[in-house]
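Participant: My questions will all concern the structure given below.
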Amino acid sequence: MATKVHMEALSPTMEEGQLVRWLKGEGDQVEEGDILAEVETDKATMELVARGSGLLRKQLLKEGGTAPVGAVIGVIAGPDEDIAAILKEAPAGAGEPTHAPPAERKVGAAAAGVAAADKTEQDRAATGVQAAAEAPARGPTPVPPGIEPRRAAGGGVEAARAVEPDGRVKASPLARRLAAETGVELRRVQGTGPGGRITKRDIEAALAAAPAPAAPAAPAAALVAAAPPPYRPELRPTAAMPELEEVPVSQMRKTIAKRLVTSIGPVPTFYLTIEVDAGRIVEARERVNERLAGRGEKTSINDFLIKAVAEALRRHPEVNSAWGENVIRRHGRVHIGVAVAVEDGLITPVVRDADRKGVAQIAREVRELAGRAREKKLAPDEYTGATFSISNLGMFGIEEFTAIINPPEAAILAVGQVEEKPVVADGQVVVRPRMRMTMSCDHRVVDGATGARFLQTLRDFLEEPTMMLA
Amino acid sequence: MAANTFDVVVLGAGPGGYVAAIRAAQLGLKVACVEADKLGGVCNNLGCIPTKALLESAMYARRVHELGDFGIRVSEVSLDLGAAGKRAKKVADQGAKGVAFLFKKNNVEWVKGWGRLAGKGKVSVKGSDGERTLEAKNIILATGSRPKDLPILKADGDRVWNSDHAVFPAGAPASLAVIGGGAVGMEFADVYASFGTKVTVIEALERVLPLEDKDASAAVAKSYRKRGMDVLEGARLEKADVGKAGVKLVVKAKDGKTNTIEVERVLVAVGRAPIIEDIGLESAGVRVDKGFIAVDAQLRTSAPGIFAIGDVARPPLLAHKASHEGIAVVETIAGHAHVVDTNNIPNVTYCHPEVASVGLTEDAARAQGLEVEIGVFPFSANGRARTAGESEGFVKVVRDRRYSELLGAHIVGPHASELIAEFVLGRHLESTAEELERAMHPHPTLSEAVAEAALAALGRAIHI
Numbered sequence: 049m050a051t052k053v054h055m056e057a058l059s060p061t062m063e064e065g066q067l068v069r070w071l072k073g074e075g076d077q078v079e080e081g082d083i084l085a086e087v088e089t090d091k092a093t094m095e096l097v098a099r100g101s102g103l104l105r106k107q108l109l110k111e112g113g114t115a116p117v118g119a120v121i122g123v124i125a126g127p128d129e130d131i132a133a134i135l136k137e138a139p140a141g142a143g144e145p146t147h148a149p150p151a152e153r154k155v156g157a158a159a160a161g162v163a164a165a166d167k168t169e170q171d172r173a174a175t176g177v178q179a180a181a182e183a184p185a186r187g188p189t190p191v192p193p194g195i196e197p198r199r200a201a202g203g204g205v206e207a208a209r210a211v212e213p214d215g216r217v218k219a220s221p222l223a224r225r226l227a228a229e230t231g232v233e234l235r236r237v238q239g240t241g242p243g244g245r246i247t248k249r250d251i252e253a254a255l256a257a258a259p260a261p262a263a264p265a266a267p268a269a270a271l272v273a274a275a276p277p278p279y280r281p282e283l284r285p286t287a288a289m290p291e292l293e294e295v296p297v298s299q300m301r302k303t304i305a306k307r308l309v310t311s312i313g314p315v316p317t318f319y320l321t322i323e324v325d326a327g328r329i330v331e332a333r334e335r336v337n338e339r340l341a342g343r344g345e346k347t348s349i350n351d352f353l354i355k356a357v358a359e360a361l362r363r364h365p366e367v368n369s370a371w372g373e374n375v376i377r378r379h380g381r382v383h384i385g386v387a388v389a390v391e392d393g394l395i396t397p398v399v400r401d402a403d404r405k406g407v408a409q410i411a412r413e414v415r416e417l418a419g420r421a422r423e424k425k426l427a428p429d430e431y432t433g434a435t436f437s438i439s440n441l442g443m444f445g446i447e448e449f450t451a452i453i454n455p456p457e458a459a460i461l462a463v464g465q466v467e468e469k470p471v472v473a474d475g476q477v478v479v480r481p482r483m484r485m486t487m488s489c490d491h492r493v494v495d496g497a498t499g500a501r502f503l504q505t506l507r508d509f510l511e512e513p514t515m516m517l518a
Numbered sequence: 321m322a323a324n325t326f327d328v329v330v331l332g333a334g335p336g337g338y339v340a341a342i343r344a345a346q347l348g349l350k351v352a353c354v355e356a357d358k359l360g361g362v363c364n365n366l367g368c369i370p371t372k373a374l375l376e377s378a379m380y381a382r383r384v385h386e387l388g389d390f391g392i393r394v395s396e397v398s399l400d401l402g403a404a405g406k407r408a409k410k411v412a413d414q415g416a417k418g419v420a421f422l423f424k425k426n427n428v429e430w431v432k433g434w435g436r437l438a439g440k441g442k443v444s445v446k447g448s449d450g451e452r453t454l455e456a457k458n459i460i461l462a463t464g465s466r467p468k469d470l471p472i473l474k475a476d477g478d479r480v481w482n483s484d485h486a487v488f489p490a491g492a493p494a495s496l497a498v499i500g501g502g503a504v505g506m507e508f509a510d511v512y513a514s515f516g517t518k519v520t521v522i523e524a525l526e527r528v529l530p531l532e533d534k535d536a537s538a539a540v541a542k543s544y545r546k547r548g549m550d551v552l553e554g555a556r557l558e559k560a561d562v563g564k565a566g567v568k569l570v571v572k573a574k575d576g577k578t579n580t581i582e583v584e585r586v587l588v589a590v591g592r593a594p595i596i597e598d599i600g601l602e603s604a605g606v607r608v609d610k611g612f613i614a615v616d617a618q619l620r621t622s623a624p625g626i627f628a629i630g631d632v633a634r635p636p637l638l639a640h641k642a643s644h645e646g647i648a649v650v651e652t653i654a655g656h657a658h659v660v661d662t663n664n665i666p667n668v669t670y671c672h673p674e675v676a677s678v679g680l681t682e683d684a685a686r687a688q689g690l691e692v693e694i695g696v697f698p699f700s701a702n703g704r705a706r707t708a709g710e711s712e713g714f715v716k717v718v719r720d721r722r723y724s725e726l727l728g729a730h731i732v733g734p735h736a737s738e739l740i741a742e743f744v745l746g747r748h749l750e751s752t753a754e755e756l757e758r759a760m761h762p763h764p765t766l767s768e769a770v771a772e773a774a775l776a777a778l779g780r781a782i783h784i
């Protein structure tokens with residue numbers, strides 16, 4: 049008798065699990081109680097145990113893939129037993145090879161299809177009480193109005209959830225009717241009902257959000273196009289790093305992300321402030337400017353800052369990243385957005401590959417881009433595609449402030465003015481030029497310690513610029 | 321983990337508390353449930369369950385007289401309300417045992433005694449074998465409610481009863497005045513009238529079952545009067561004189577006239593009061609608002625880690641609401657935020673004719689400025705109701721004209737309590753009136769009246 053291998057609820061709060069590795073291969077003999085696979089839950093990596101004996105005939109979930117609790121992820125059966133019916137039941141995953149690279153996407157979606165097909169057949173005995181208990185909680189947790197801030201239903205990021213892979217939109221009859229009569233496009237609405245079903249209140253939320261066009265988190269964010277911009281032909285990525293690497297989001301990260309978002313809004317932000325001694329960087333700039341003077345060029349502290357940030361990002365790619373729901377996009381290239389105040393707002397022209405440019409070139413580009421930004425003559429690809437942004441209000445005498453992240457970037461650095469301050473050095477009170485910087489971090493991507501390590505490196509570079517050569 | 325340390329401690333083992341405890345155990349949490357009395361609470365032991373057992377007896381007592389029409393001649397009928405009460409008690413006791421079994425099965429520890437909050441994360445329980453202190457990160461207050469007294473008429477269990485006294489009667493009194501025409505009052509009025517007691521219902525508001533749709537109130541009042549009960553609506557109890565032989569009540573009628581009513585016993589059924597005394601609320605900093613423990617939508621009290629559910633938390637005081645709140649709280653504790661949909665709580669009065677409703681009444685929907693369409697289908701036009709000889713009552717649908725949302729449903733008549741579930745599910749799934757009608761209902765059934773009422777609300781009922 050064939051035994052289905054289910055994704056089991058291995059922690060009380062688990063909604064889906066990521067298959068870390070199969071410990072039994074296809075065709076291996078399996079005894080009931082043998083450890084079949086390692087599964088990462090929202091809490092820890094757990095062992096998935098065989099509920100029957102026979103050969104592991106089929107692995108239906110790839111290593112690195114994700115499946116909701118209850119989904120069939122494998123089949124144990126006798127060597128000649130016909131398992132076609134079970135495989136047919138799980139069409140989405142059955143035909144696919146199981147040894148694809150772990151980073152391949154769509155595994156979760158395929159497994160979700162498996163779960164849907166198998167739902168009625170779900171082996172309650174194997175998954176236990178908890179699987180049954182999880183069932184109503186599956187899908188996005190409904191958050192009632194008045195409890196936690198609810199996300200605007202008109203947003204695009206998660207809109208796909210109510211739309212099935214086959215194009216079917218999950219919506220209640222009442223929601224469909226409301227949508228039809230009010231002209232709300234169902235596909236653009238985020239469902240908050242069970243399994244992402246669109247309900248009346250979602251349409252009402254979409255209607256409420258409609259008259260005022262969705263306000264971006266930061267003025268510049270509206271200008272950031274969703275599609276990656278074309279790279280300039282003369283710039284080539286270094287061979288060592290891929291242009292873009294997608295790191296699968298672990299179950300723990302997913303749980304962190306989900307919790308943080310319900311607590312604070314779409315981009316759960318926290319702030320890290322550091323004060324650096326600007327003496328060396330001021331000196332370095334003076335020396336560079338002396339030598340550049342002959343060429344009629346000069347640099348600013350901000351240009352040095354861009355260079356230092358870019359160098360630090362190069363050493364901390366985890367900060368040079370973006371949140372992509374199921375993946376974290378880790379950028380192989382460092383493009384720094386520089387906030388520039390313009391007549392009726394601000395815009396963030398991008399210095400591309402800033403880590404591979406000298407300060408003089410950075411200075412030229414910033415001056416040129418800022419000039420055209422004020423004339424509103426920037427081409428779209430000149431203000432999009434930054435992987436990290438810097439906002440400097442030092443010239444306005446601002447000591448310190450916090451800046452708002454430009455999604456999908458994971459962080460922004462807010463820089464205050466360099467000012468003379470008494471500090472204690474070697475037991476003596478001395479006056480030093482000091483500069484305070486605050487980094488806003490998207491907590492889904494950057495944790496406190498991650499951000500802090502990056503700032504440490506940045507401080508080292510600013511306080512001892514030669515370290516950038518080390 | 322020490323024997324006195326738990327993930328969740330629940331105070332009270334009524335339909336809120338025991339369900340919360342079992343759900344918590346299912347989720348792998350270590351649970352204790354503190355209860356000084358029998359398991360199952362008022363619902364199982366003094367309320368829902370024994371009164372339904374009595375009402376079942378009342379149904380037979382009433383219908384035995386109709387049996388001739390059904391071709392069954394009964395020569396001698398004698399009614400024994402005392403025996404009906406004994407049966408009700410037996411049914412209740414079985415239920416309490418059932419809860420004890422479920423506790424054992426799920427490893428919920430029943431801590432016998434009276435529990436009080438005793439500082440952060442602590443509950444002290446005074447039982448017959450001394451005092452014990454339990455510790456838990458999460459405490460759920462599910463202490464329930466007790467019958468309210470009237471200032472001028474205190475229940476003594478002899479001449480003046482509350483529902484606790486009326487539920488296990490020794491016999492049927494010659495006459496009974498029921499103060500309060502809500503669900504409890506109307507159910508007991510039915511029971512006693514069916515067993516031969518001369519019943520007078522005195523309701524201060526302008527109609528009995530004042531929370532129900534006005535058509536439902538009118539149908540029940542009319543039916544009761546037809547059965548020989550006096551139903552006084554808009555009538556105020558001015559004075560009560562409890563004597564040895566009976567009770568004299570001075571009642572001021574709607575028209576201002578004052579009448580004196582003499583009855584053998586009085587049942588005070590003017591509502592229930594949450595049990596908030598002597599459970600340590602002040603010491604724990606749990607805030608009380610208008611007699612209830614103040615809670616937010618997630619049923620969190622003002623003190624961190626302390627939740628309140630059921631009658632003690634907020635109205636309506638209904639067992640099914642308490643159970644759902646218990647589940648919601650426990651699932652929230654376990655990390656699945658889930659909140660009770662308070663707009664879709666069904667309400668049932670199990671009198672004859674039975675009354676059940678969910679959502680808005682016609683008047684409430686109009687008061688909200690909604691454009692409504694009303695559909696009413698009488699059971700007299702329903703085949704199954706006529707075969708059962710139970711053709712009293714109707715199904716009424718309140719529909720939003722524009723989107724066809726099922727704003728409310730009101731049923732008076734046979735098995736209204738069962739039929740309402742279709743509307744509850746329909747509303748939960750956000751069905752429109754059209755869906756309800758297009759889903760095929762078997763023939764002949766009472767449920768056809770549901771579909772026909774939906775059709776009526778769309779202006780095209782077939783059978784009327």
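If you read the sequences in order, they're chains A and B. First residue of the first sequence? That's 49 in the numbering used here, and the numbers climb one at a time after it. First residue of the second sequence? That's 321 in the numbering used here, and the numbers climb one at a time after it. Using N, Cα and C, we set each Cβ at its ideal position, and we do this for glycine too. Predicted model only: the values in this text are computed from it and were never measured.
#1: Could you tell me whether the Cβ of L226/A comes closer than 8 Å to any Cβ of chain B?
#2: Where A179/A and Q299/A are concerned, what is the direct C-alpha to C-alpha distance, given to the nearest angstrom?
#3: Hey, could you find the ends of the alpha helix (DSSP H) S677/B is sitting in?
#4: Measure the alpha-carbon distance for G496/A versus F502/A and round it to whole angstroms.
#5: Using beta-carbon positions only, say whether S677/B and H730/B come within less than 8 Å of one another.
#6: Determine which residues of the stretch 740-757 of chain B have a Cβ less than 8 Å from any Cβ of chain A, and write them out in chain order.
#7: Under 8 Å, with one C-beta from each stretch per pair, do the stretch 710-726 of chain B and the stretch 635-646 of chain B reach the 3-pair mark?
#8: Relative to the alpha-carbon of V339/B, which residue among L375/B, F423/B, N324/B has its alpha-carbon at the smallest distance?
#9: Return the first residue and the last residue of the alpha helix (DSSP H) that A381/B is part of.
#10: What did DSSP end up calling V498/B once you bin it into helix, strand or coil?
#11: Would you report the Cα separation of G630/B and A341/B, rounded to the nearest angstrom?
#12: I'd like to know if E451/B contacts chain A, where contact means its C-beta is closer than 8 Å to some C-beta of that chain.
#13: Between the stretch 366-385 of chain B and the stretch 684-691 of chain B, do three or more beta carbon pairs fall short of 8 Å?
#14: Within the 8 Å Cβ cut-off, does R722/B reach chain A?
#15: I want to know whether the stretch 559-571 of chain B touches the stretch 414-434 of chain B - three or more CB-CB distances under 8 Å.
#16: Can you check which of these residues, H54/A, K136/A, M62/A, K110/A, is closest to G73/A by C-alpha distance?
#17: What does the Cβ neighbour count give for V87/A, buried or exposed, with the cut at 16 atoms within 10 Å?
#18: Which of the residues in the stretch 365-396 of chain B, read from start to end, lie with their CB under 8 Å from any CB of chain A?
#19: Starting from P221/A, trace the alpha helix (DSSP H) both ways and give me its first and last residue.
#20: Suppose you measure from the CA of V511/B to the CA of W434/B; what does that come to, to the nearest Å?
#21: Secondary structure at F508/B, three-state DSSP: helix, strand or coil?
#22: Start and end of the beta strand (DSSP E) containing N458/B?
#23: Roughly how many angstroms lie between the CA atoms of V398/A and A462/A, to the nearest whole one?
#24: Which residues, taken in chain order from the stretch 688-708 of chain B, show a beta carbon closer than 7 Å to some beta carbon of chain A?
#25: What are the uninterrupted segments assigned as alpha helix (DSSP H) that are 4 or more residues long and contained completely in the stretch 716-779 of chain B, given in chain order?
#26: By Cβ distance below 6 Å, which residues in the same chain neighbour A164/A in space, the five residues on each side in sequence not counted?
#27: Which residues, taken in chain order from the stretch 723-739 of chain B, show a beta carbon closer than 9 Å to some beta carbon of chain A?
#28: Can you give me the start and stop residues for the alpha helix (DSSP H) that Y544/B sits inside?
#29: Are the Cβ atoms of R706/B and G566/B separated by less than 8 Å?
#30: DSSP three-state call for L503/A: helix, strand or coil?
#31: Tell me which residues share the same chain as V217/A and place their Cβ nearer than 8 Å to its Cβ, disregarding the 5 neighbours each side in the sequence.
#32: With C-beta atoms as the reference, is A475/B less than 8 Å away from T453/B?
#33: Three-state secondary structure (DSSP) at P470/A?
#34: Does D469/B come out as helix, strand or coil in the three-state DSSP assignment?
Facilitator: Here's the rundown:
#1: Here residue 226/A is taken as the residue at index 178 of the first sequence, counted from 1. At least one chain B Cβ lies under 8 Å of L226/A.
#2: Translated into the one-based positions of the first sequence, residue 179/A becomes position 131. Translated into the one-based positions of the first sequence, residue 299/A becomes position 251. Unreliable placement is indicated for A179/A, whose pLDDT of 34 sits below 50; the coordinate value is still reported in the next sentence. In a straight line, the C-alpha of A179/A is about 17 Å away from that of Q299/A.
#3: In the second sequence, residue 677/B corresponds to position 357, counting from 1. Here S677/B belongs to no alpha helix (DSSP H); instead the beta strand (DSSP E) covers 675-679.
#4: Position 448 of the first sequence, counted from the first residue, corresponds to residue 496/A. Position 454 of the first sequence, counted from the first residue, corresponds to residue 502/A. Whole-angstrom Cα-Cα distance: 10 Å.
#5: Within the second sequence, residue 677/B is the residue found at index 357, counting from 1. Within the second sequence, residue 730/B is the residue found at index 410, counting from 1. Their beta carbons are under 8 Å apart, which means S677/B touches H730/B by this criterion.
#6: L749, E750, S751, T752, E754, E755
#7: no
#8: The residue labelled residue 339/B in the question sits at position 19 within the second sequence. Of the listed residues, the one whose Cα sits closest to V339/B is F423/B.
#9: Locating residue 381/B in the second sequence gives position 61, where the first residue counts as 1. Looking at the DSSP string, the run of the alpha helix (DSSP H) that includes A381/B is 368-383.
#10: Position 178 of the second sequence holds residue 498/B. Reduced to three states, the DSSP call for V498/B is strand.
#11: Working through the second sequence from its first residue, we reach residue 630/B at position 310. Working through the second sequence from its first residue, we reach residue 341/B at position 21. Straight-line spacing of the CA atoms in G630/B and A341/B works out to 14 Å.
#12: Locating residue 451/B in the second sequence gives position 131, counting from the first residue. By this cut-off, E451/B is not an interface position.
#13: no
#14: To locate residue 722/B, count along the second sequence from 1; it is residue 402. Judged by the 8 Å Cβ criterion, R722/B is in contact with chain A.
#15: no
#16: For the purposes of this step, residue 73/A is identified with residue 25 of the first sequence, where counting begins at 1. For G73/A, the nearest C-alpha among the options comes from K110/A.
#17: Residue 87/A sits at position 39 when you count from the first residue of the first sequence. So V87/A ends up on the buried side.
#18: none
#19: In the first sequence, the residue the question calls residue 221/A occupies position 173. Element bounds for P221/A: 221-230.
#20: For the purposes of this step, residue 511/B is identified with residue 191 of the second sequence, where counting begins at 1. For the purposes of this step, residue 434/B is identified with residue 114 of the second sequence, where counting begins at 1. The alpha-carbon atoms of V511/B and W434/B are separated by roughly 33 Å.
#21: In the second sequence, residue 508/B corresponds to position 188, counting from 1. Reduced to three states, the DSSP call for F508/B is helix.
#22: Against the second sequence, residue 458/B aligns to sequence position 138. For N458/B, the enclosing beta strand (DSSP E) stretches over residues 450-461.
#23: The sequence position of residue 398/A within the first sequence is 350, counting from 1. The sequence position of residue 462/A within the first sequence is 414, counting from 1. The straight-line gap from Cα to Cα measures roughly 16 Å.
#24: none
#25: Runs found: 736-748, 753-758, 768-777.
#26: If you number the first sequence from 1, residue 164/A lands on position 116. Bear in mind that the predicted position of A164/A carries a pLDDT of just 38, short of 50, making it unreliable; the figure below should be weighed with that in mind. Beyond the five residues adjoining it in sequence on each side, A164/A comes within less than 6 Å, by CB distance, of no other residue in the same chain.
#27: Y723, S724, E725, L726
#28: As a first step, residue 544/B is located in the second sequence; it is residue number 224 there, counting from the start. First-last of the alpha helix (DSSP H) with Y544/B: 534-546.
#29: Position 386 of the second sequence, counting from 1, holds the residue named residue 706/B. Position 246 of the second sequence, counting from 1, holds the residue named residue 566/B. It is not a contact, given that the beta carbons lie outside the stated cut-off.
#30: Numbered from its first residue, the first sequence carries residue 503/A at position 455. L503/A falls in the helix class under three-state DSSP.
#31: Position 169 of the first sequence, counting from 1, holds the residue named residue 217/A. Leaving aside the five residues that flank V217/A on each side, the residues in its chain whose CB is nearer than 8 Å to its CB run, in chain order, A210, V211, L234, R235, I246.
#32: One-based indexing of the second sequence puts residue 475/B at position 155. One-based indexing of the second sequence puts residue 453/B at position 133. Remark: C-beta atoms of A475/B and T453/B do not approach each other more closely than 8 Å.
#33: The residue you call residue 470/A lines up with position 422 of the first sequence. Correct three-state label for P470/A: strand.
#34: Along the second sequence, read from residue 1 onward, the residue named residue 469/B stands at position 149. It is coil, neither helix nor strand.
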